[in-house]
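Participant: A single structure is presented below for examination.
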Amino acid sequence: MWITIDQLITIQAVHESGSITAASENLHKAKSAIYYAIKKLESQVGFEILENDGYRARLTPKGEQLLSRANTFLKQYDALKTDILQIASGVETHLAISATALFSLKKFNALIHKIQSQFPNTQIVFHREILSGLQFLKQDLVDLAIFERRDSREDLEIKKIDSVIMQLVISKSHPLTKLPKKERTLDRLLEFPQVIQRSTMPTDESHGVHKNSRQWTVTDLDSKKEIILSGLGWGRLPIHEIEKELKSGKLLRLENIEAPQEISLFIGRKRMKTPGVVSQALWEMLGP
């Protein structure tokens, strides 16, 4: 049994227009061609699809069941045609991106707004991780990766796009704040848990970890921030994520223990993989 897309489109047109005549006009086909397509389909499936009372062409109950299933397929068929046209134009149907959690989400969202306005039919797949961007890229899980550690691999094209200031902080309710200022030292700080963010990728390691400290381990930046705010631990956070808390006094800088650290951020892609139109546009938006 070989049912054609044209046959399914025909019964859909008859159902939506309500008559053979209207369907033939909408499809720009002769009425005889419409009749033939339906009769052939009926002989193939083994049941009547259409009831014609002389005024309106109505689907039989089995015809309605057939069309209900066909509608899902026809929507997928229309989407496929759109995708094929998009592929032919060089515009990707999907673009996978990973970005370190240290990269400002506001900056990322602004970039994606621009991309979506130019390429509305491209689906964006976004991974937000720390320390895993290179792993995603090396394993071909993403087309572009934004990460914090430069890699010297020759098969990767990498450029610096930004930097972030990491600040060592504690909550105003942290036990360390109860000590005299001269006693707020690294040794005393290490008596309390350090909150660290670890990548979910098994091959990645955490950085900036004091070996002698007890540790809270989390996999996302928001959890790390909330735990530090609660006074349960201490750690480094990006300045752009804690500006309000620093101004309000909810978080306190520990610059006497460690000066703020600037971390460079990079974007990378595979050299041997020809970039699509959308990928190239995003690459160019992120600097020369």
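This note's numbering numbers the first residue of the sequence shown as 62 and each following residue consecutively.
Even glycine gets a Cβ: it sits at the ideal position worked out from N, Cα and C.
Since we're looking at a predicted model, the values are computed, not measured.
1. Which ranges does the beta strand (DSSP E) cover as unbroken runs of at least 3 residues, wholly within the stretch 87-137, from first to last along the chain?
2. Quick check on G79: buried or exposed, where buried means 16 or more other Cβ atoms within 10 Å of its Cβ?
3. Does the contact criterion of 3 or more C-beta pairs under 8 Å hold for the stretch 133-141 versus the stretch 161-180?
4. Can you name, in chain order, every residue of its own chain whose Cβ lies under 6 Å from the Cβ of E306, other than the five neighbours on each side?
5. Taking the alpha-carbon positions, what's the L293 to T246 distance?
6. To the nearest angstrom, report how far apart E266 and V203 are at their CA atoms.
7. Alpha carbons only, please: which of H301, Q258, E304 and R330 is nearest the one belonging to W295?
8. Confirm, please, whether the CB-CB distance from P254 to S274 is below 8 Å.
9. What residues in its chain sit with their C-beta under 7 Å from that of I173, if we drop five residues either side in the sequence?
10. Using 10 angstroms around the beta-carbon of L146, count the other beta-carbons present and answer buried if the total reaches 16, otherwise exposed.
11. Can you tell me whether I226 is buried or exposed? The criterion is at least 16 other CB atoms within 10 Å of its CB, across all chains shown.
12. With a threshold of 8 Å between beta carbons, is D223 in contact with chain C?
13. Just curious, the beta strand (DSSP E) that M227 is in, first and last residue?
14. In chain order, which beta strand (DSSP E) runs of at least 3 residues are fully inside the stretch 136-170?
15. Run the CB neighbour count on F108, radius 10 Å, all protein chains shown included, and call it buried at 16 or more, exposed below.
16. Measuring straight from C-alpha to C-alpha, what distance separates Q126 and L205?
17. In whole angstroms, give me the CA-to-CA distance for W63 and K100.
18. Report the partner residues of P349 according to the DSSP bridge assignment.
19. Rounding to the nearest angstrom, what Cα-Cα distance links A98 and A149 in this structure?
20. Specify, as a first and last residue, the run of the alpha helix (DSSP H) that H301 falls within.
21. On the criterion of 16 or more Cβ atoms from any shown chain inside 10 Å, does Q196 qualify as buried, or is it exposed?
22. Buried or exposed: A157, going by 16 or more other Cβ atoms within 10 Å of its Cβ?
23. Report buried or exposed for P236, applying the criterion of at least 16 other Cβ atoms within 10 angstroms of its Cβ.
24. Give me the Cβ distance between E153 and G337, rounded to the nearest whole Å; I'm assuming they're in contact under 8 Å.
25. Report yes if the C-beta of L229 is less than 7 Å from at least one heavy atom of the ligand FAD; otherwise report no.
26. Is it buried or exposed, K334, if we count other Cβ atoms within 10 angstroms and call 16 or more buried?
27. L250: buried (16+ other C-beta within 10 angstroms of its C-beta) or exposed?
28. Taking 8 Å as the threshold (C-beta atoms), are V75 and I81 in contact?
29. Tell me, please, which residues DSSP counts as bridged to S325.
30. In chain order, what residues of the same chain have a beta carbon less than 8 Å from the beta carbon of I110, not counting five sequence neighbours either side?
Facilitator: In terms of the structure at hand:
1. Taking only runs of at least 3 residues, the beta strand (DSSP E) segments lying wholly in the stretch 87-137 are 111-113 and 118-120.
2. By one-based count along the sequence shown, residue 79 stands at place 18. Exposed, since its Cβ has fewer than 16 Cβ neighbours within 10 Å.
3. Not touching, per the Cβ criterion.
4. Residue numbering aside, residue 306 sits at position 245 when the sequence shown is read from its first letter. Hits under 6 Å: L312.
5. In the sequence shown, residue 293 corresponds to position 232, counting from 1. In the sequence shown, residue 246 corresponds to position 185, counting from 1. Cα to Cα, the separation comes out at about 18 Å.
6. Along the sequence shown, read from residue 1 onward, the residue named residue 266 stands at position 205. Along the sequence shown, read from residue 1 onward, the residue named residue 203 stands at position 142. With a pLDDT of 48 at E266, under the threshold of 50, the modelled position of this residue cannot be trusted; read the value that follows with caution. Roughly 20 Å between the two C-alpha positions.
7. Here residue 295 refers to the residue found at position 234 when the sequence shown is read from its first residue. When the alpha-carbon of W295 is set against those of H301, Q258, E304 and R330, the nearest one is in Q258.
8. Within the sequence shown, residue 274 is the residue found at index 213, counting from 1. Within the sequence shown, residue 254 is the residue found at index 193, counting from 1. Annotated as proximal: S274 and P254, with beta-carbon spacing under 8 Å.
9. In the sequence shown, counting from the first residue as 1, residue 173 sits at position 112. I185, listed in sequence order.
10. Position 85 of the sequence shown, counted from the start, is the residue given in the question as residue 146. By the neighbour-count definition (other C-beta atoms within 10 Å, threshold 16), L146 is an exposed residue.
11. Taking the first residue of the sequence shown as position 1, residue 226 is located at position 165. I226 comes out exposed.
12. This model lacks chain C altogether; it includes just one protein chain.
13. Here residue 227 refers to the residue found at position 166 when the sequence shown is read from its first residue. In this chain, the beta strand (DSSP E) harbouring M227 covers L217 to S232.
14. Correct list: 155-161.
15. The residue given as residue 108 occupies position 47 in the sequence shown. With fewer than 16 Cβ atoms within 10 Å of its Cβ, F108 is classed as exposed.
16. Reading the sequence shown from its first residue, position 65 is the one you call residue 126. Reading the sequence shown from its first residue, position 144 is the one you call residue 205. Near 45 Å, if we compare the C-alpha coordinates of L205 and Q126.
17. Counting from 1 along the sequence shown, the entry for residue 63 is found at position 2. Counting from 1 along the sequence shown, the entry for residue 100 is found at position 39. If you take the alpha carbons of W63 and K100, they lie about 14 Å apart.
18. Along the sequence shown, read from residue 1 onward, the residue named residue 349 stands at position 288. Within the DSSP bridge table, the entry for P349 names no partner.
19. For this step, residue 98 is matched to residue 37 along the sequence shown. For this step, residue 149 is matched to residue 88 along the sequence shown. Cα to Cα, the separation comes out at about 31 Å.
20. Within the sequence shown, the letter at position 240 stands for residue 301. H301: member of the alpha helix (DSSP H) spanning I300 to S309, first to last residue.
21. Here residue 196 corresponds to residue number 135 of the sequence shown, with the count starting at 1. Buried is the call here.
22. Within the sequence shown, numbered from 1, the residue matching residue 157 stands at position 96. Classification of A157: buried, given that the 10 Å Cβ count is 16 or more.
23. Walking along the sequence shown from the start, residue 236 turns up at place 175. Label assigned to P236: exposed.
24. On the sequence shown, position 92 is the one that residue 153 refers to. On the sequence shown, position 276 is the one that residue 337 refers to. Yes, E153 and G337 are in contact; Cβ-Cβ is about 4 Å, under 8 Å.
25. The ligand FAD is absent from the structure shown, which contains no ligand whatsoever.
26. Stepping through the sequence shown from its first residue, residue 334 is reached at position 273. Classification for K334: exposed.
27. Mapped onto the sequence shown, residue 250 falls at position 189. Buried: at least 16 other Cβ atoms inside 10 Å.
28. As a first step, residue 81 is located in the sequence shown; it is residue number 20 there, counting from the start. As a first step, residue 75 is located in the sequence shown; it is residue number 14 there, counting from the start. Going by C-beta atoms, I81 is nearer than 8 Å to V75.
29. Within the sequence shown, residue 325 is the residue found at index 264, counting from 1. Per the DSSP secondary-structure output, S325 pairs in a beta bridge with S224.
30. Walking along the sequence shown from the start, residue 110 turns up at place 49. Excluding residues up to 5 positions away in sequence, I72, I99, L102, E103, L120, T121, K123, G124 and L127 lie with their Cβ nearer than 8 Å to the Cβ of I110 in the same chain.
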